[in-house]
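**Student:**
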Amino acid sequence: QVQLVESGGGSVQSGGSLRLSCAASGYTNCMGWFRQAPGKEREQVATVDRFGSTSYADSVKGRFTISRDNAKKTLYLQMLSLKPEDTAMYFCAAGSRCRDFAYWGRGTQVTVSS
Numbered sequence: 010q011v012q013l014v015e016s017g018g019g020s021v022q023s024g025g026s027l028r029l030s031c032a033a034s035g036y037t038n039c040m041g042w043f044r045q046a047p048g049k050e051r052e053q054v055a056t057v058d059r060f061g062s063t064s065y066a067d068s069v070k071g072r073f074t075i076s077r078d079n080a081k082k083t084l085y086l087q088m089l090s091l092k093p094e095d096t097a098m099y100f101c102a103a104g105s106r107c108r109d110f111a112y113w114g115r116g117t118q119v120t121v122s123s
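With the sequence shown counted from 1, adding 9 to any position gets you the numbering used here.
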């Protein structure tokens with residue numbers, strides 16, 4: 010069992026930036042960030058595997074950067090040029106494969122105002 014705790018969410022104006030962190034209690038091959046806005050389905054934002062290979066949703070490419078510090082067992086999401094449509098609850102996830110996330114955090118809220 011791996012426990013995940015997100016932090017770093019908050020309220021910013023459009024064009025602002027935030028850095029999310031996710032502290033994990035153990036190591037997994039793949040980690041990722043997901044988000045869910047009210048009334049919308051959960052969306053995969055970005056993933057990173059143990060080799061450092063990353064993938065991004067088209068909506069965040071060029072603005073968000075995912076990274077992980079394996080020594081600290083921490084996942085990060087640097088978010089730049091935030092838009093109101095980025096407003097959502099952001100969840101950290103981890104698993105053995107990037108298509109199978111078994112562990113989830115409780116989420117951290119990101120709100121972007123225009």
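Don't be surprised by glycine CBs; every beta carbon is placed ideally from N, CA and C.
1) Under 7 Å Cβ to Cβ from phenylalanine 110, same chain only, skipping five residues before and after it: list those, please.
2) Is the number of C-beta pairs between the segment 30 to 41 and the segment 78 to 96 that are closer than 8 Å three or more?
3) Report the CB separation of methionine 88 from arginine 72 in whole angstroms; it is logged as a contact under 8 Å.
4) Mark glutamate 15 as exposed unless 16 or more other C-beta atoms lie within 10 angstroms of its C-beta, in which case mark it buried.
5) Round the Cβ separation of arginine 44 and glutamate 52 to the nearest angstrom and send it over; I've been treating them as touching at under 8 Å.
**Tutor:** On the basis of the data shown:
1) Indexing the sequence shown from 1 puts residue 110 at position 101. Correct list, in chain order: Gly41, Ala102, Ala103 and Gly104.
2) yes
3) For this step, residue 88 is matched to residue 79 along the sequence shown. For this step, residue 72 is matched to residue 63 along the sequence shown. Right, the Cβ-Cβ distance comes to about 7 Å (below 8 Å), so this counts as a contact.
4) Within the sequence shown, numbered from 1, the residue matching residue 15 stands at position 6. By the 16-neighbour rule on beta-carbons within 10 angstroms, glutamate 15 is buried.
5) Taking the first residue of the sequence shown as 1, we reach residue 44 at position 35. Taking the first residue of the sequence shown as 1, we reach residue 52 at position 43. With a Cβ gap of about 5 Å, arginine 44 and glutamate 52 count as contacting.
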